[in-house]
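Each residue of the sequence shown is one higher than the one before, starting from 26 at the first, in the numbering used here.
Backbone N, C-alpha and C fix where the C-beta goes; we use that ideal spot for every residue, glycine too.
This one's a predicted model, so the numbers in the text were calculated from it and none came from an experiment.
Shown next, in structure tokens, is the structure this report addresses.
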Amino acid sequence: MLAVDLSGKRALVTGANSGIGEAIALHLAQAGADVAVNYLNHPEAADAVCDKIRALGRRAIAMQADVADPSLVGKMFALLDKEWGGIDILVNNAGIDGRPALGWQGEVADWTKVIEVNLFGAFHCCREALNRMVPQGHGVILNMSSVHEVIPWSGYSAYTASKAGLSMMTKTLAQEAAPHGVRVLALAPGAIKTAINKNVWSNPEGLADLNLKIPLGRMGETAEIAKMAAVMVSDLASYATGSTVFVDGGMTDFADFAHGG
């Protein structure tokens with residue numbers, strides 16, 4: 026029987042004190058990894074996730090840092106070096122969707138902020154991780170993308186641009202790192218039920234409309250994303266790099282066209 030085995034691996038998951046990030050952190054720990062829990066706000070939530078990881082018999086560290094700030098990211102990785110002697114797995118999960126606005130109506134500062142967090146933030150973390158993984162000759166980076174790396178989303182041009190950029194950055198870094206034994210991948214969730222989008226799935230009309238866009242007819246659960254993440258960073262996916270895996274219930278299959286154009 027094949028099973029995900031991350032025994033002895035040292036992982037860092039950004040934005041891991043809630044939602045998809047928390048689910049990924051816990052699934053990596055269940056598979057045997059020690060997990061550093063990065064967060065921006067709500068340290069009590071990060072501490073609670075760390076407690077759950079320790080209850081699974083693994084080591085955990087709560088690490089506060091704004092991933093958009095390269096100096097703070099550098100300090101976070103330096104602390105990881107000090108505490109655990111390095112890193113084997115990086116999951117770039119931290120991200121924001123930003124303030125909705127049509128492209129000609131939005132504020133430049135709002136647009137820039139999304140790019141700084143979602144794309145620059147992932148790059149800062151990738152850069153630090155690769156500076157460690159390349160010399161040691163192994164490691165895996167998993168960038169959390171979105172179906173919106175390929176599906177437009179009116180009002181959220183910064184978000185879609187950041188995810189499309191993340192996809193190409195993933196491919197390029199994978200190409201650069203492959204000769205050194207390091208894999209770089211992206212995972213693109215579809216509509217996943219979290220506290221952030223509760224206003225959608227708690228509204229019967231909104232949920233019904235959303236489900237029409239999903240061939241499987243339902244929103245996904247955070248555990249369904251976390252399970253795939255654990256597989257992708259494990260040796261079960263040892264020959265996979267440079268690609269995006271969509272876990273979206275078929276949303277990118279454009280369910281609206283199931284009955285004709």
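N-terminal and C-terminal residue of the beta strand (DSSP E) that residue i is part of
{"i": "Gly164", "result": "Gly164 to Met169"}
{"i": "Ala307", "result": "Outside the displayed span of the chain (26 to 286) sits residue 307, for which this structure offers no information."}
{"i": "Met193", "result": "First-last for Met193: Ser182 to Ala202, but that is the alpha helix (DSSP H), not the beta strand (DSSP E)."}
{"i": "Val116", "result": "Ile114 to Asn117"}
Residue of the options minimising C-alpha distance to residue i
{"i": "Ala216", "options": "Ala119, Ala36 and Gly44", "result": "Gly44"}
{"i": "Asp94", "options": "Ser268, Leu144 and His205", "result": "Leu144"}
{"i": "Thr137", "options": "Asp122, His149 and Lys100", "result": "Asp122"}
{"i": "Lys107", "options": "Val92, Ile86, Gln161 and Asn118", "result": "Ile86"}
{"i": "Leu81", "options": "Ala90, Val139, Ser170 and Ala54", "result": "Ala54"}
{"i": "Leu115", "options": "Arg157, Lys77 and Tyr181", "result": "Arg157"}
{"i": "Thr247", "options": "Met257, Gly274 and Lys218", "result": "Lys218"}
{"i": "His163", "options": "Pro240, Ala154, Leu97 and Ser268", "result": "Ala154"}
{"i": "Ser187", "options": "Met257, Leu198, Val172 and His205", "result": "Val172"}
{"i": "Ala29", "options": "Cys151, Met101, Pro68 and Met257", "result": "Per the sequence shown, residue 29 should be read as Val rather than Ala. It is Met257."}
{"i": "Asp281", "options": "Val270, Pro240 and Phe271", "result": "Pro240"}
{"i": "Gly209", "options": "Asp135, Leu237, Thr277 and Ser170", "result": "Note that residue 209 is Val in the sequence shown, not Gly. Checking every option, the nearest Cα to that of Val209 belongs to Ser170."}
{"i": "Arg79", "options": "Val62, Val92, Asn66 and Asp91", "result": "Val62"}
Limits of the unbroken alpha helix (DSSP H) element including residue i
{"i": "Phe102", "result": "Pro95 to Trp109"}
{"i": "Tyr264", "result": "Premise fails: Tyr264 is in no alpha helix (DSSP H) and is neither H nor E."}
{"i": "Asn224", "result": "Lys223 to Trp226"}
{"i": "Ile140", "result": "Val133 to Ile140"}
{"i": "Val258", "result": "Run containing Val258: none; DSSP gives neither H nor E here."}
According to DSSP, residues forming a beta bridge with residue i
{"i": "Phe271", "result": "Ala213"}
{"i": "Asp59", "result": "Arg35"}
{"i": "Arg84", "result": "Arg84 is not bridged to any residue."}
{"i": "Arg208", "result": "Val165"}
{"i": "Gln89", "result": "Tyr64"}
Chain D contact for residue i (CB, 8 Å cutoff)
{"i": "Gly267", "result": "Judged by its chain identifiers, the structure shown contains no chain D, having just a single protein chain."}
- Item | the stretch 264-271 contacting the stretch 32-43, beta-carbon criterion three pairs below 8 Å | As far as the Cβ criterion goes, the stretch 264-271 does not touch the stretch 32-43, which means the pair count is below three.
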